[in-house]
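Here's the structure we're looking at; comments come further down.
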Amino acid sequence: MKRLAAAFALGLSIAAGGCATVDPTVAATAPVAEQREPITILVSIDGFRADYLDRGVTPTLSRLAAGGVTAAMRPSFPSKTFPNHWAEITGYYPDNNGIVANSFTDPSRAEEKFTMATTDPFYWNGREPLWVTAENAGIRSAAMFWPGSAVAWGGTLVPHGYGRVDGGVRPQDWQAFDQNVSPTQRVNAIIDWLRRPADIRPQFLLLYFDEVDTAGHATGPDSPELTAALRNVDRDIAKLIEGIESLGQPANIVVTSDHGMAETRNSRTIELDAIVGAGNYTLVEAGPYASLAPVPGREAHLAAALSRDHEHMDCWAKAEIPAPLNYGKSARIPPYLCLADIGWQIFPSRQEGERIGGNHGYDPRTPEMAALFIASGPAFASAKRIESFDNVAINPLLRAVLGLPQDGSEGADTWSINLKSFAGWCAWAISPGGWSISSLAIWR
Numbered sequence: 412m413k414r415l416a417a418a419f420a421l422g423l424s425i426a427a428g429g430c431a432t433v434d435p436t437v438a439a440t441a442p443v444a445e446q447r448e449p450i451t452i453l454v455s456i457d458g459f460r461a462d463y464l465d466r467g468v469t470p471t472l473s474r475l476a477a478g479g480v481t482a483a484m485r486p487s488f489p490s491k492t493f494p495n496h497w498a499e500i501t502g503y504y505p506d507n508n509g510i511v512a513n514s515f516t517d518p519s520r521a522e523e524k525f526t527m528a529t530t531d532p533f534y535w536n537g538r539e540p541l542w543v544t545a546e547n548a549g550i551r552s553a554a555m556f557w558p559g560s561a562v563a564w565g566g567t568l569v570p571h572g573y574g575r576v577d578g579g580v581r582p583q584d585w586q587a588f589d590q591n592v593s594p595t596q597r598v599n600a601i602i603d604w605l606r607r608p609a610d611i612r613p614q615f616l617l618l619y620f621d622e623v624d625t626a627g628h629a630t631g632p633d634s635p636e637l638t639a640a641l642r643n644v645d646r647d648i649a650k651l652i653e654g655i656e657s658l659g660q661p662a663n664i665v666v667t668s669d670h671g672m673a674e675t676r677n678s679r680t681i682e683l684d685a686i687v688g689a690g691n692y693t694l695v696e697a698g699p700y701a702s703l704a705p706v707p708g709r710e711a712h713l714a715a716a717l718s719r720d721h722e723h724m725d726c727w728a729k730a731e732i733p734a735p736l737n738y739g740k741s742a743r744i745p746p747y748l749c750l751a752d753i754g755w756q757i758f759p760s761r762q763e764g765e766r767i768g769g770n771h772g773y774d775p776r777t778p779e780m781a782a783l784f785i786a787s788g789p790a791f792a793s794a795k796r797i798e799s800f801d802n803v804a805i806n807p808l809l810r811a812v813l814g815l816p817q818d819g820s821e822g823a824d825t826w827s828i829n830l831k832s833f834a835g836w837c838a839w840a841i842s843p844g845g846w847s848i849s850s851l852a853i854w855r
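Per the numbering used here, the sequence shown starts with residue 412, numbered consecutively.
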């Protein structure tokens with residue numbers, strides 16, 4: 412498999428040069444022992460809205476975009492952190508990947524609640540993450556804090572086993588999330604992994620930053636604090652690139668975000684208690700959207716109250732959620748969903764005073780929720796801006812770069828419809844071994 416991956420990476424490089432004809436005898440005898448094979452790095456900058464790139468404070472990311480492919484990427488609904496990181500890495504929308512929200516319950520375990528600290532594979536096993544696919548294909552992977560990477564995917568939590576899991580697959584290298592680990596330390600971990608000998612060096616790496624999201628929540632998307640966070644994360648990306656270059660390591664770097672950010676104020680609160688009455692519902696999540704269930708015996712009351720027209724908010728029974736949201740089939744989604752207009756939030760009641768902050772979870776089609784996408788490296792074209800696409804296409808994109816087969820995911824459909832038109836294809840026959848592959852210069 413490593414031989415296939417190496418040949419595929421070489422094919423990408425040739426395709427990126429214009430699909431020139433190569434003498435297979437020359438290619439077969441060219442010295443490659445002293446050269447590092449290209450690696451693939453997927454970076455997530457949590458809460459980096461697509462138009463932050465235009466603010467003139469991120470020179471490193473702007474250079475990456477100018478030298479590669481960029482787009483305003485559509486997150487999946489709900490535009491929250493865990494559902495979208497899992498959508499990117501599995502190629503399936505949250506409604507079909509198991510992680511339907513940052514917080515939810517499963518009907519079969521009604522006494523439990525999934526939170527962002529949950530690592531029980533039961534909640535995650537619905538769809539295979541790309542690092543498991545890569546590991547099973549012989550491609551070593553390493554993850555620095557990507558949501559879900561600490562889960563032993565495919566395993567089973569041992570009852571009364573104090574967190575012990577039977578079976579399951581993680582990246583070969585991974586770290587349990589710790590917000591106290593600085594961005595610099597996170598970058599250093601990636602570079603240290605890449606200093607290893609080739610036989611234990613990861614070929615697919617994932618890296619996660621949360622400082623932009625933290626600032627956006629605390630002070631809003633137009634605050635000086637947010638601008639400072641943008642400058643900081645840009646310096647972190649610069650350190651990553653400098654470290655990679657110092658090793659002479661070719662790399663395909665894909666930088667994404669899980670969602671954007673919208674300004675919120677306490678005065679823009681929709682008060683659920685005033686609409687449906689306190690004590691008539693159980694609230695699962697609140698904020699830009701609210702997911703809720705009726706208290707037993709109050710089903711008709713809740714349905715009637717939510718079916719009325721509401722200012723700055725739309726509500727649906729889960730079976731009636733609009734198709735563009737790709738949401739409402741999973742048993743883990745509560746019976747009712749209410750979605751606020753951009754900048755408004757849904758809570759039981761309004762907090763006193765006025766506070767300006769930021770939040771996400773709104774309709775993914777709104778500009779404020781648009782997420783960053785940059786792809787740069789030997790597999791990608793230069794200076795190419797493409798139309799917006801759904802983030803479930805990240806999985807099939809990376810499969811193409813890593814030389815892995817497509818799996819028919821929802822992202823594969825998005826890739827086919829929205830992204831393949833930007834690819835330049837050429838065939839490159841490889842005579843040693845008697846097989847051939849198709850190689851591509853993505854979005855050339």
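Just so it is clear, CB atoms sit at the ideal spot from N, CA and C, and this is done for glycine as well. Quick caveat: nothing in here was measured; it's all calculated off a predicted structure.
Hey, would you say leucine 736 sits closer than 7 Å to phenylalanine 488, going by beta carbons? yes
Could you name each continuous beta strand (DSSP E) segment of 3 residues or more that falls completely within the segment 585-639, going from the start of the chain to the end? 615-620
Please state whether the Cβ-Cβ distance between lysine 491 and glycine 772 is less than 7 Å. Here lysine 491 is near glycine 772, since their CB atoms are less than 7 Å apart.
Quick check on the burial criterion: 16 or more other C-beta atoms within 10 angstroms. Buried or exposed for tyrosine 747? buried
For the structure I just gave you, are there three or more beta carbon pairs, one from the segment 791-808 and one from the segment 638-652, closer than 8 Å? no
With distance defined between alpha-carbon atoms, name the residue in Asp752, Asn663, Gln762 and Ala734 nearest to aspartate 684. Nearest option by C-alpha distance: Gln762.
Neighbour-count burial assignment, serine 760, 16 or more Cβ in a 10 Å radius: exposed
Under 6 Å Cβ to Cβ from serine 634, same chain only, skipping five residues before and after it: list those, please. none
Contact check, valine 665 vs alanine 786 under 8 Å by CB: the rounded distance? 5 Å
Going along the chain, which residues of its own chain have a beta-carbon closer than 6 Å to the beta-carbon of alanine 476, five neighbours each way excluded? Hits under 6 Å: Ile785.
I'd like to know whether the C-beta atoms of proline 609 and leucine 815 end up nearer to each other than 7 Å. One point to set straight first is that residue 609 is alanine, not proline, in the sequence displayed. For alanine 609 and leucine 815, no; Cβs fall outside 7 Å.
Which residue from Ser519, Gly478, Glu546 and Pro558 puts its Cα closest to that of alanine 512? Pro558
With DSSP run on the structure shown, which of helix, strand or coil describes proline 435? Note that proline 435 scores 35 on pLDDT, short of 50, meaning its location in the model is unreliable; the coordinates nonetheless yield the value given after this. Proline 435: helix per DSSP, three-state reduction.
Stretch pair the segment 561-577 + the segment 610-630: three plus CB contacts closer than 8 Å: no
Residues in the same chain with beta-carbon distance under 6 Å from isoleucine 732, minus the five sequence neighbours each way, listed in chain order, please. Tyr738, Gly739 and Leu748
Taking the C-alpha atoms as reference points, what is the distance between alanine 553 and alanine 751? 38 Å
Through-space distance from arginine 766 to glutamine 596, alpha-carbon basis: 33 Å
Does DSSP put proline 570 in a helix, a strand or coil? coil
For isoleucine 805, which residues of its own chain have a beta-carbon under 6 Å away from its beta-carbon, when the five flanking residues on both sides are left out? Taken in chain order, the residues that qualify are Glu499.
Where aspartate 818 falls: helix, strand or coil (DSSP): coil
Distance, valine 454 Cα to glutamine 614 Cα: 14 Å
For asparagine 737, the residue or residues it bridges with in DSSP: Asparagine 737 pairs with nothing; no bridge assigned.
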